[in-house]
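Only one structure is covered here, and it is reproduced in the block below.
Residue numbers (mature numbering (1 follows the signal peptide of the UniProt record, and there is no 0)): -23 to -1, 1 to 103.
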């Protein structure tokens, strides 16, 4: 919904900006000398480039705003689900994660026991 609104606003902005540029270009008198023609063409190109940059900035700004609002709404929805009890909070450890932690701890203990037995075997043969 928001993406459609942003794209509509951007399209309207581009249409009005383009018509304003055309209207202002229509009132300029035609230059007589080739040097003046080049200057006028350069000025038009620069104006068009400025308009293009402004439109690109606006699009970028809208994208950033939509990403930020999407993240915020996702966090808000998650918080509401946790408050209502429909979903566990991040502080609650899942059984799968507990099993993984236990397995890691058991592996560490096993390595430690193996290392200690090697040390004990090495000390008895002296």
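Built from N, CA and C at the ideal position, the CB exists for glycine as well.
- Rounded to the nearest whole angstrom, the C-alpha separation of residue 100 and residue 52 is 58 angstroms.
- Residue 36: member of the alpha helix (DSSP H) spanning 11 to 61, first to last residue.
- Spatial neighbours of residue 66 in its own chain (CB-CB distance under 7 angstroms, excluding positions within 5 residues in sequence) are listed in chain order as 59.
- When the five nearest sequence neighbours on each side are left out, the beta carbons in the same chain lying within less than 6 angstroms of the beta carbon of residue 39 are those of -18, in order along the chain.
- Straight through space, the alpha carbons of residue 50 and residue 44 are spaced by roughly 10 angstroms.
- Between the stretch 63 to 80 and the stretch 9 to 17 there are fewer than three C-beta pairs closer than 8 angstroms, too few to call the two in contact.
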